[in-house]
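Numbering (full-length UniProt numbering), first residue to last: 1 to 258.
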């Protein structure tokens, strides 16, 4: 079983190398690495070109946004499993991809998700996004795992569709809502840190973006034929506050320890 890692980027010259190096440093595993660039003008591609001979697919062209870029990566994947690592973020350690493939090969599952470490501008730990065991009821109480901690078999995208480009900020929320509430898909928690991400995502850059994100999340429920729990958008910030309060929690060998 083989895995494709997709990185999307646009004008991220200062951070893209950190991401590329974290992917190429993965040990004891063969994988496909795909970089989709939105026609950067700041020298991002100069950095990518340094590593081009180690990257399987590189595309640099204008796109219609984040989710269009991810969809291009999925379309160009030739592997069984799809995973994402955005420009500027890192895989948590050098064994992440090997461990993920091992878990897929040992279990009859369609996807898995793990934990993520979120760091601030000063590289300090902002919070840990700790995910529970999979249960659809958790979704109704504001839970979703970090976008880049989720790995899904490509056949699921073929069956249920890719990211919806009509969403500008919450396309990942809509896709996972669609996938997670499907009765015939099997998702499990991989109790491990998968990703080290950095604050400053699109949905949190401004108050307007946060409002738009919540609006699109509400649309995601309605457009997929589900009743929108009124309390949902109150519970989401409460959960984030809780995770920030326990940010001193530490992981030892990828396992959650108190």
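Here a beta-carbon is modelled for each residue, glycine too, at the ideal position from N, C-alpha and C.
Keep in mind the model is a prediction, meaning the values are calculated, not measured.
- Taking a cut-off of 8 Å on C-beta distances, the stretch 78-95 does not touch the stretch 178-187, as fewer than three cross pairs fall below it.
- As DSSP reads the structure, residue 111 sits in a beta bridge with 152 and 187.
- One Cα belongs to residue 93, the other to residue 198, and the distance between them is close to 15 Å.
- Judged by their CB atoms, residue 34 and residue 76 are nearer to each other than the 7 Å cut-off.
- The continuous stretches of alpha helix (DSSP H) do not include residue 11, and DSSP gives it neither H nor E.
- Pairing residue 139 with residue 186 gives a Cβ-Cβ distance that is not under 7 Å.
- Measuring C-alpha to C-alpha distances from residue 78 to each of 212, 5 and 10 identifies 5 as the nearest.
- For residue 95, same chain residues with a beta-carbon under 7 Å away, outside a window of 5 residues either side, are 27 in chain order.
- Taking 3 residues as the minimum length, the beta strand (DSSP E) runs contained wholly in the stretch 122-166 are 125-129 and 150-153, in order along the chain.
- Counting only the Cα atoms, residue 210 lies some 22 Å from residue 196.
- Secondary structure of residue 116 (DSSP, three-state): strand.
- Bounds of the alpha helix (DSSP H) holding residue 179 are 171-180.
- DSSP lists 3 as the bridge partner or partners of residue 31.
- By the criterion of at least three beta-carbon pairs nearer than 8 Å, the stretch 159-169 is not in contact with the stretch 126-137.
- The C-alpha of residue 232 is placed about 30 Å away from the C-alpha of residue 74.
- By the Cβ criterion, the stretch 141-152 is in contact with the stretch 109-118, since at least three pairs of Cβ atoms, one from each stretch, lie closer than 8 Å.
- When the five nearest sequence neighbours on each side are left out, the beta carbons in the same chain lying within less than 7 Å of the beta carbon of residue 15 are those of 87 and 88, in order along the chain.
- Residue 83 carries a strand assignment under DSSP once its states are collapsed to helix, strand and coil.
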